[in-house]
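At position 108 of the sequence shown (counting the first as 1) the number is 121 in the working numbering, and the numbers step up by one without a gap.
Heads up, the beta-carbon is just placed ideally off N, CA and C, and yes, glycines get one too.
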Amino acid sequence: VTDPHAFQSIANARIYVKNIAEAFCAADSDGCVSYQTNAAAYTKKLDAVEGEVKAAIASIPESKRVVITSHDAFGYFEHAYGLTFLAPQGISTDSEPSAADVAKLVTQVKQDKAAAIFVENITNPRLIEQIASETGIKVGGTLYSDALSQPDGPAATYIDMMHNNIRQIKGAILGS
14 VTDPHAFQSI ANARIYVKNI AEAFCAADSD GCVSYQTNAA AYTKKLDAVE
64 GEVKAAIASI PESKRVVITS HDAFGYFEHA YGLTFLAPQG ISTDSEPSAA
114 DVAKLVTQVK QDKAAAIFVE NITNPRLIEQ IASETGIKVG GTLYSDALSQ
164 PDGPAATYID MMHNNIRQIK GAILGS
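What follows is the structure, encoded as structure tokens:
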């Protein structure tokens with residue numbers, strides 16, 4: 014199964030912005046300068062949030078860079094920024110993990126000493142709460158993986174989502 018969560022890497026988001034601006038310019042040459050200006054401004058925002066993400070990860074001791082989420086939505090984030098994400102569900106949330114899968118994850122969590130556990134905004138928190146209970150790890154908050162929040166929520170835009178997620182991760186691990 015191909016991981017559809019490539020946007021969890023800010024480097025990929027930069028590529029999307031560039032490609033969108035180029036496509037708009039090709040379709041509407043009169044508006045091209047505006048599209049390029051907007052793309053450049055948004056890319057600066059992406060650079061800033063990526064700096065925040067990298068600084069936050071750098072502040073977390075390497076031994077504490079293991080976290081648990083509901084499903085494998087953070088593979089690109091993991092590779093880009095150096096956290097390890099463990100999840101009872103695969104990339105798709107369409108199927109429930111078996112009892113054996115959950116038991117295996119609980120054992121892995123205890124061995125790898127996961128530092129935090131998170132629910133995701135699109136999944137039922139029951140499984141994560143069960144794993145938290147069995148491992149003694151407190152649920153550290155909600156991460157946004159596949160959908161944004163309502164407009165007045167903590168992850169109303171892509172930039173907000175990335176800010177929210179790294180604040181939740183750092184706060185749960187370091188207590189700040």
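List the residues that DSSP assigns as beta-bridge partners of residue i.
| i | result |
| --- | --- |
| VAL122 | In DSSP, VAL122 forms no bridge with anything. |
| THR97 | VAL79 |
Please report the straight-line C-alpha distance between residue i and residue j, rounded to a whole angstrom.
| i | j | result |
| --- | --- | --- |
| THR97 | PHE90 | 9 Å |
| GLU35 | ASN177 | 29 Å |
| PHE87 | SER158 | 7 Å |
| SER105 | VAL152 | With a pLDDT of only 48 at SER105, under 50, the local geometry of the prediction cannot be trusted, and the value read off the model is given with reservation. Distance between the alpha carbons of SER105 and VAL152 is about 22 Å. |
| VAL79 | GLY64 | 20 Å |
| PRO74 | THR82 | 19 Å |
Check for me: the alpha helix (DSSP H) holding residue i runs from which residue to which?
| i | result |
| --- | --- |
| THR155 | From DSSP, THR155 is part of no alpha helix (DSSP H) but of the beta strand (DSSP E) over 152-156. |
| GLN49 | 45-71 |
| ALA36 | 23-40 |
On the premise that residue j lies in contact with residue i, defined as a C-beta separation below 8 Å, what is that separation, rounded to the nearest angstrom?
| i | j | result |
| --- | --- | --- |
| ALA128 | ILE186 | 5 Å |
| ILE141 | VAL119 | That belief does not hold up - the Cβ atoms of ILE141 and VAL119 are roughly 12 Å apart, past 8 Å. |
| LYS4 | ALA54 | This structure cannot speak to residue 4, because the chain is shown only from 14 to 189. |
Which first and last residues belong to the beta strand (DSSP E) in which residue i is found?
| i | result |
| --- | --- |
| ALA129 | 129-133 |
May I ask you to check if the CB of residue i is nearer than 7 Å to at least one heavy atom of the ligand GTP?
| i | result |
| --- | --- |
| ALA86 | This structure does not include the ligand GTP; it has no bound ligands of any sort. |
**Request:** Count the C-beta pairs between the segment 130-137 and the segment 146-160 that are closer than 8 Å, then say yes if the count reaches three, no if not.
**Result:** yes
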